[in-house]
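S.K.: Residue numbers (the UniProt record's numbering), protein chains in the order written: chain V, 1 to 281; chain D, 1 to 281.
We put the beta carbon where it would ideally sit given N, CA and C, even for glycine.
Just dropping this structure here.
Below, the structure is given as structure tokens:
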């Protein structure tokens, strides 16, 4: 039997992916979780029917949500990831020797549990073996309310602004993140597709600018996400993502990156005109 | 009836697009041509079942195959487009006041004819109204053999290296292009997806480097192309695409571009590591 999973990116377009096996399918308190085997992308995790990560292209998303901030902040010792239960962001953060502690705050324990079981290459740093990693199964808002002025970098590794993640795109949340950061802290949040989600981007960047003095959008190609053209919001109290970026530290890093590099760091902020227009003030 | 057109990007993944109407479907001497109406992308042209252009995202491809070369060459007077029968590249070339003549050499007259009929926003400069444009329905190889040392810029606006375009990816063809260019000429060719077509890229860039002293890859997001991550090869006798780029001329251009801009011009050449690796010597 030839089984294809089709994710609609709007009413009128979608990506269709051949699957060979369902590894897990179940419902948590928050959402539907499916992990399937595909021929093109390896194992693939879906939340509420939307592709979150695949083994073949997750390196792009995880390189790009972590390294731009960690090579801009001069001394990132304490990092918080909100969401990101697959563990890929934590795995990349752990490659930075300056980081003393990374905290994963994921609302849905089932995502962590099944990622450890079925996505071991992503979850390698959240399986209990790494003393520099702490896991909290908790609501991100509740967690940061209790941890003010504590983090150098906070990554909002969330799903789309529907379902459990909707609060993570609002100004009140950004204010809490701002005060959970130290005086020179940086926040990164995935910020949807400039091609399909102009309205979400407009309101999200407006909300971010109400809170952070520096807000810049950067881009990455993610083949399994809508349009393949994805973006991240770099929000910061002091450091600018290209002017204050530590080019030499990035260039001399002691680990390989298949997407990120010190040239691309700058190029990622050079946006197509229509993407700049989406967030023009 | 709910009709969806699915283009497979490999045996195991594809894009699926809702169509509402078939405007033209026919076979030329060279290939199958279909033009359909879609809800998401407007009108869409397919050759042998592969998406070539859509009204909604063609601005990206046509900005990026034309403006990087035309803002690098200091005085592009005579430009040749091989392929590109939809007319989008010619439309963009015409925005450069330095260009005295643009020649379109398309092997398949049916593509030109039906683009003028059904894709008027793309074909606006090839419908006979523009005295700076000449059309030749001819094989690109035969044409450049007869026009040596003549062009400032040549754009190879081809389909994939299957069917009628296969010869346009070979070293012999690049040698002919080289000698059809003036002593400071530039050639641009679309060079497939770094994500899906590593093998094609490897051989294509090897062939280009055997002929041109300067060969650089640059990137663009094209949502309706495989993976959404597409590339172009910048090949040149003298001018380097970022060192010799005329930033001020690009910045002060007297026309709007929805994708290209003078910052993105540089950023487009800052590639992900895996894309650089595809074409490493």
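1. From the beta carbon of residue 82/D, is the nearest beta carbon of chain V less than 8 angstroms away?
2. Given residue 166/D, which residues of its chain have a CB within under 6 angstroms of its CB, disregarding the five upstream and five downstream residues?
3. Does DSSP classify residue 191/V as helix, strand or coil?
4. What is the DSSP secondary structure of residue 32/D, counted as helix, strand or coil?
5. Which two residues bound the contiguous alpha helix (DSSP H) that contains residue 225/D?
6. How would you list, in chain order, the residues of chain V whose beta-carbon sits under 8 angstroms from the beta-carbon of residue 227/D?
7. Starting from the C-beta of residue 148/V, find all residues in its chain whose C-beta is less than 6 angstroms away, skip the five residues before and the five after it, and write them out in chain order.
8. Of all the CB atoms in chain D, is at least one closer than 8 angstroms to the CB of residue 14/V?
9. Please confirm if residue 273/V has its CB atom under 8 angstroms from at least one CB of chain D.
10. Unbroken beta strand (DSSP E) runs of length 3 or more, entirely within the segment 42–67 of chain V: which are they?
11. Could you tell me if residue 258/D is buried or exposed, where buried requires 16 or more neighbouring beta carbons within 10 angstroms of its beta carbon?
12. Check the Cβ of residue 50/V against every Cβ in chain D and list those closer than 8 angstroms, keeping chain order.
13. Count the other C-beta atoms from every protein chain shown that fall within 10 angstroms of the C-beta of residue 265/D, then say buried if there are 16 or more, exposed otherwise.
14. Could you check the C-alpha separation between residue 84/V and residue 95/V for me, to the nearest Å?
15. Tell me the DSSP secondary structure of residue 179/D in three-state form.
16. Say whether the segment 143–160 of chain V touches the segment 123–133 of chain V, bearing in mind that this needs 3 or more beta-carbon pairs closer than 8 angstroms, one atom from each stretch.
17. Which residues mark the beginning and the end of the beta strand (DSSP E) in which residue 153/V is found?
18. Relative to chain D, which residues along the segment 11–44 of chain V have a C-beta separation below 8 angstroms, given in chain order?
19. Give the secondary structure of residue 24/V by DSSP, where H, G and I count as helix, E and B as strand, and everything else as coil.
20. Which one of 24/D, 61/D, 115/D has the shortest CA to CA distance from residue 190/D?
21. What residue range is occupied by the uninterrupted alpha helix (DSSP H) comprising residue 111/V?
22. Between the alpha carbons of residue 308/V and residue 278/V, how many angstroms are there, rounded?
23. So what does DSSP say about residue 199/D, is it helix, strand or coil?
24. What is the rounded straight-line gap between the Cα of residue 118/V and the Cα of residue 23/V?
25. So is residue 264/V in contact with chain D if we call contact Cβ pairs under 8 angstroms?
26. Quick test of the definition: if touching needs 3 or more C-beta pairs under 8 angstroms, does the segment 193–206 of chain V touch the segment 37–52 of chain V?
M.R.: Taking the geometry as given:
1. Interface criterion not met: the Cβ of residue 82/D is under 8 angstroms from no Cβ in chain V.
2. Excluding residues within five positions, none has a Cβ falling inside 6 angstroms.
3. Looking at residue 191/V - three-state DSSP - the assignment turns out to be coil, as it is neither helix nor strand.
4. Residue state, collapsed to three classes: strand.
5. Counting along the chain, residue 225/D sits inside no alpha helix (DSSP H), nor does DSSP assign it H or E at all.
6. Residues of chain V whose Cβ lies closer than 8 angstroms to the Cβ of residue 227/D are, in chain order, 221, 223, 228.
7. Non-local C-beta neighbours of residue 148/V in its own chain, meaning closer than 6 angstroms and more than five positions away in sequence, comprise 179, 180, ordered along the chain.
8. Under the Cβ criterion of 8 angstroms, residue 14/V is counted among the residues facing chain D.
9. A Cβ of chain D is located within less than 8 angstroms of the beta carbon of residue 273/V.
10. List check, beta strand (DSSP E) in window: 42–47, 50–54.
11. Result: exposed.
12. Near residue 50/V there are no residues of chain D at all, since even the closest Cβ is about 16 angstroms away, more than 8 angstroms.
13. Burial is judged here by how many other beta carbons sit within 10 angstroms of a residue's own beta carbon; residue 265/D has at least 16 and is buried.
14. Counting only the Cα atoms, residue 95/V lies some 17 angstroms from residue 84/V.
15. Three-state DSSP puts residue 179/D in a helix.
16. Flag = no, the segment 143–160 of chain V and the segment 123–133 of chain V do not touch.
17. Counted as a single uninterrupted DSSP element, the beta strand (DSSP E) harbouring residue 153/V occupies residues 151–157.
18. Answer in chain order: 11, 12, 13, 14, 15, 16, 17, 18, 38, 39, 40, 41.
19. Correct three-state label for residue 24/V: strand.
20. Taking only the C-alpha atoms, the option nearest residue 190/D is 61/D.
21. Here the alpha helix (DSSP H) through residue 111/V covers 109–118.
22. Beyond the ends of chain V as shown, which are 1 and 281, falls residue 308/V; an answer cannot be given.
23. Look at residue 199/D here: in three-state DSSP terms it is helix.
24. If you draw a straight line from the Cα of residue 118/V to the Cα of residue 23/V, it is about 8 angstroms long.
25. Yes - at least one Cβ of chain D is within 8 angstroms of the one on residue 264/V.
26. When Cβ pairs closer than 8 angstroms are counted between the two stretches, the segment 193–206 of chain V is seen not to touch the segment 37–52 of chain V, the count staying below three.
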